[in-house]
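Chain order of the listed sequences is F and Y. Read in our numbering, the first sequence has 50 at position 50, and its numbers run on one by one without any break. Read in our numbering, the second sequence has 1528 at position 528, and its numbers run on one by one without any break.
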Amino acid sequence: MNKGILTRILVCIFGFGICLYSYVDKQNEVTRLRLEIPYIANQIKDISEENTRLQYEIDQFENPQHLMELARHSEYSNLKQPFVREIVTVQEGLALVVPSEDRADIGQSRPKVTLAIGAK
Amino acid sequence: MKQLRGLPSPEDRKRLVWMSLFIFTIFSLLIIQFFKIQIVEGEKWTRCAKGQHQLVVTEPFKRGLFYSNTSIKVGHPEVSQPFVIDVPKFHLFVDPLNIPEECKEEVGRQISKILRLSKDDGQKVQEQFFKKSRSRKLVMWLSHDQKEAIYSWWAEYSRPKKIPRNAIYFIQDYQRSYPYGKLLGQVLHTVREDRDVQSHQSIPTGGLELVFNHLLQGKEGKRQILRSPRHPMETGKILSCPEDGADVYLTINHYLQAIAEEEISKAVKNANAKGGWAVLMDPRTGEILALAQYPWFDPANYRSYFNDPAKQENTKVKAVTDPYEPGSTMKPLTIAICMKANMELKKQGKKPIFFPDEKVNTANGQFPGRSRPIKDTHVHHFLNMNLALQKSSNIYMARMIQRVIDALGEAWYRKALQDVFGFGIKSGVEIPSESAGLLPTPGKLNPNGTLEWSRPTPFSMAFGHNVLVNSIQMLRSYAILANGGYDVKPTLVRKIVHTERDGTQKVLLDNTDPQRVKSFARLLEPEIVRQVVKALKPVTKPGGTAAKGEIYGYTEAGKTATTEKIVGGTYSKKDHISTFIGFAPVINPRFVLMIAIDEPEKKYVPGVGSMQMGGNCAAPAFREIGLRTLQYLGVEPDDPYGYPTGDPRSDPEKADSMKEVKALKELYQQWNGH
């Protein structure tokens, strides 16, 4: 009988030990993740700020005054502002919806126009 | 008596009592002290403990931005295009008490070398190291790369000398940066480099930054952190999240603005003028699509403008702040009022004051109350309404207003100018310091004691003298003619949106709501508008005063003016303000545009004429901006034969209004003999 109680106690202690170990392990995991948060937050912040800086540089390059200067170069002399009737607005994802056999018809029926792809 | 075994003796008991009392007293004192610390002085010690263990840091917010109007380009994606970006930058600080005396000079020298500072700036940086302070600002607005360069050098330098690493530190801030440089400078303005000490908010220098400051401002957040090496600054309890400011979506399109700025600068330079401005507006919605002014104001270098009295003038939006006499551009409005008077008289069952085709004697410029006769630039014996606008006759306009006053009175005329065209009333455009102009009031005295409205005043007002307006008021008046007679409210803002931290957007102001335009009341009857616009079309054709304003391939209507500026209370014969206001295409106009050239050089060029005239210095800019705007908007030419002689597309027989122009020419020769 004493042997049975001892076994049960040992099993309980063992079970308790496993639970305690997994709890501590989980706590360690949480702590590790918590310690990672500031670094990841910093990385996100840095990437976001780098994006802002790059956007600023892109916008500086795409300054309309600069684009107008470029448009005056002879190599871009073929470019012109399209008339509204020349612009065909294609809804996003339309190409995926149209069956392949119908696409040829679309190409034939449309005039040769400038496309503004992705407009809503 | 024999003492019982095991029981304490009386001395021991006595000692025990004293001992108990002593311990009780000690514990009592301890409890009292605990009570004092925890209850009586609890708040004080809690505060003290928090101060030692916790630190509250502020989280920066982003000021709201201004965005371009990309919706006007039909068929193109509506992308968010900011006019201003808050770029993260760094301010460099030093803790002089933490740097050994012998190292200060070298550290200062190295920082100056890394940042490539001038000798003077380097000297100023050096001085900061010798101040008795824990925090001195050395340099502002450093880039990320500059910061890294200083940090990497400092890490190497401070370690062997055992100088605390935080003796040099950076504070992050957002700098208002302008990717398009000076574009829209006067309208946007900027914020000062320093901030409000109490609120840490940016201080606007003027323009839209000032008008919408209360919405652009954000709110700093607060975060509580523990003073412990195990708790980096980024962790901790968030007490309050930072709130970014609201974004303002403007009606200005960056591309049209660039076109307007390029052309207005050319026009000012060609005219050798003091300055000039161009305002482009949608005549139906009142959305201002471009507002360009030359000389520029570069927001990034705002100090140089405010520190130089000669350049301070360039910081204001003159189209809004500076009233002027509209001169001949007033004449179409005078005609519209005369036609409105006709309708009023018809309602009263009386006969009209004039007919558009009526042959009016314009040789005699004598008017009641005037010591000197009114003159035209050329003597015209007889004119009708269309000829009067084409030839820009002062006498015809004054004669018509004389008839209006005789039939309906001065008060009716003044009320029509105020109610229909909004003279004397601010247009409400979102720019600070708008001038309401001056619409004379009968019986009111000028500062010099003379009457604002005397007997000849209405005759002068008929051709744009004795009345002051700002450019937006004039543009609005022409927009009413362009949109078919409806009211219009000029605006620079499409919408104002506040984005919450979770991404949800709250619209604080929405001028894109169709109900806004629907609410605009009719001010002029369609027949009046039709007649006035028809009379304006020949102005830009051969024989008109602004043939250089014709937009080839498109129909347009407009009017030019050249007015003498008032200098020292009298009209200057030397300084003029030359303007052109017009719209295109005539049917379903896409824009109404005003060009103003301030103080063009007065000179006569044989074969061309006086270069200070609006037809010579302002009208060409109207043509260029108008043409490029219509091309940008994808508007097809509606006058396919309206090209200059020699162009293969030209056909004077088929070109718009050319038959009418020919008929006017014949009629003029018939009535005036030349």
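Note that CB positions come from ideal geometry on N, CA and C, so glycine has one too. Being a predicted model, the structure only gives us computed values, none of them experimental.
Return the bridge partner residues of V84(F) from the DSSP annotation.
None, per the DSSP bridge assignment.
Taking only three categories from DSSP, how would you classify V1498(Y)?
Checking the sequence, you will find His at residue 1498(Y) rather than Val. Looking at H1498(Y) - three-state DSSP - the assignment turns out to be strand.
Whole angstroms is fine: what's the gap from L1675(Y)'s alpha carbon to F1297(Y)'s?
It is not possible to answer for residue 1675(Y), since the shown part of chain Y is limited to 1001 through 1674.
Give a yes or no on whether the minimum CB-CB distance between E29(F) and chain Y is below 8 Å.
False, the Cβ-Cβ gap to chain Y never drops below 8 Å.
Residue from L1138(Y), K1132(Y) and F1463(Y) whose Cα sits closest to the Cα of K1124(Y):
It is L1138(Y).
DSSP three-state call for S1068(Y): helix, strand or coil?
Coil.
Starting from the beta carbon of V1087(Y), find every residue of chain F whose beta carbon is closer than 7 Å, and list them in chain order.
Simply T52, R53 and Y56.
Distance between V1268(Y) and N1361(Y) (C-alpha atoms, nearest Å)
If you draw a straight line from the Cα of N1361(Y) to the Cα of V1268(Y), it is about 38 Å long.
Give the residues of chain F in contact with V1074(Y), contact being defined as C-beta atoms less than 8 Å apart.
V1074(Y) reaches chain F at V84 and I87, counting residues in chain order whose Cβ is nearer than 8 Å.
Have a look at A1655(Y), A1596(Y) and Y1668(Y) and flag the residue whose alpha-carbon is nearest the alpha-carbon of A1273(Y).
Checked all of A1655(Y), A1596(Y) and Y1668(Y); the closest Cα to A1273(Y) is A1596(Y).
For I1566(Y), which residues does DSSP report across the bridge?
DSSP lists Y1571(Y) as partners of I1566(Y).
Please confirm if P1585(Y) has its CB atom under 8 Å from at least one CB of chain F.
So no, P1585(Y) is outside the interface.
Give me whichever residues DSSP pairs with G1275(Y) in a beta bridge.
According to DSSP, which records beta bridges pairwise, G1275(Y) is partnered with D1598(Y).
With three or more beta-carbon pairs closer than 8 Å as the criterion, would you say the region 1443-1454 of chain Y touches the region 1535-1549 of chain Y?
Flag = no, the region 1443-1454 of chain Y and the region 1535-1549 of chain Y do not touch.
Contacts around S1177(Y), its chain only, beta-carbon distance under 6 Å, and the 5 residues preceding and following it disregarded
Hits under 6 Å: I1085 and V1087.
Smallest Cα separation from G1615(Y): which of Y1249(Y), S1371(Y) and S1392(Y)?
Measuring from the Cα of G1615(Y), the nearest candidate turns out to be S1392(Y).
Taking the Cβ atom as the reference point for each residue, do G1464(Y) and S1328(Y) lie within a distance shorter than 8 Å?
In contact: G1464(Y) and S1328(Y) (Cβ atoms closer than 8 Å).
Specify the secondary structure class of V1429(Y) as computed by DSSP and reduced to three states.
Here V1429(Y) sits in coil by DSSP.
When DSSP builds the beta bridges, which residues end up paired with P1204(Y)?
Residue pairing by DSSP puts P1204(Y) in a beta bridge opposite V1191(Y).
Check for me: the alpha helix (DSSP H) holding P1060(Y) runs from which residue to which?
Annotation: P1060(Y) is outside any alpha helix (DSSP H) and is labelled neither H nor E by DSSP.
Return helix, strand or coil for T1491(Y), following the three-state DSSP convention.
For T1491(Y), the secondary structure class from DSSP, reduced to helix, strand or coil, is strand.
Three or more C-beta pairs below 8 Å linking the region 1239-1250 of chain Y and the region 1536-1546 of chain Y:
With the cut-off at 8 Å, the region 1239-1250 of chain Y and the region 1536-1546 of chain Y do not touch.
Please state the DSSP three-state secondary structure of W1141(Y).
In the structure shown, the three-state DSSP call for W1141(Y) is strand.
Measuring only the C-alpha atoms, how far is F1591(Y) from P1242(Y)?
If I take the Cα positions, the gap works out to 42 Å.
Give the range of the alpha helix (DSSP H) segment to which V1125(Y) is assigned.
For V1125(Y), the enclosing alpha helix (DSSP H) has its first and last residue at K1119 to Q1128.
Output yes if chain F places a C-beta closer than 8 Å to the C-beta of G1615(Y); else output no.
No, G1615(Y) lies away from the interface with chain F (no Cβ there is under 8 Å from its Cβ).
Residues that DSSP places opposite I1581(Y) in a beta bridge
Answer by DSSP bridge pairing, in chain order: K1559(Y) and M1594(Y).
Output, in chain order, the set of chain F residues within a Cβ distance shorter than 7 Å of Q1631(Y).
Residues of chain F passing the Cβ test: Q81.
Opening and closing residue of the beta strand (DSSP E) in which K1131(Y) lies
Following the DSSP letters along the chain, one finds K1131(Y) in no beta strand (DSSP E), marked with neither H nor E.
7 Å CB neighbourhood of A1398(Y) in its chain, flanking five on each side removed
Here the set comprises F1367, I1374, F1459, A1462 and F1463.
Any chance you could list the alpha helix (DSSP H) runs of at least 4 consecutive residues sitting entirely within the region 1378-1430 of chain Y, in chain order?
Secondary structure within the region 1378-1430 of chain Y: the alpha helix (DSSP H) runs of 4 or more consecutive residues, fully enclosed, are 1385-1391, 1394-1408 and 1410-1421 (chain order).
Please list the terminal residues of the continuous alpha helix (DSSP H) segment that includes D46(F).
Its alpha helix (DSSP H) spans residues N2 to F61.
Report yes or no: do three or more beta-carbon pairs, one from the region 1275-1287 of chain Y and one from the region 1486-1497 of chain Y, lie closer than 8 Å?
The region 1275-1287 of chain Y is in contact with the region 1486-1497 of chain Y.
Can you list the residues of chain F that H1378(Y) reaches, using a CB-CB cut of under 8 Å?
Listed along the chain, the chain F residues whose CB falls inside 8 Å of the CB of H1378(Y) amount to none; the nearest CB is some 40 Å away.
Mark M1474(Y) as exposed unless 16 or more other C-beta atoms lie within 10 angstroms of its C-beta, in which case mark it buried.
By the 10 Å Cβ count, M1474(Y) comes out buried.
Output yes or no for whether 8 Å exceeds the beta carbon distance between F1150(Y) and I1114(Y).
Looking at the sequence shown, residue 1150(Y) is not Phe but Ile. A contact, by the Cβ cut-off of 8 Å.
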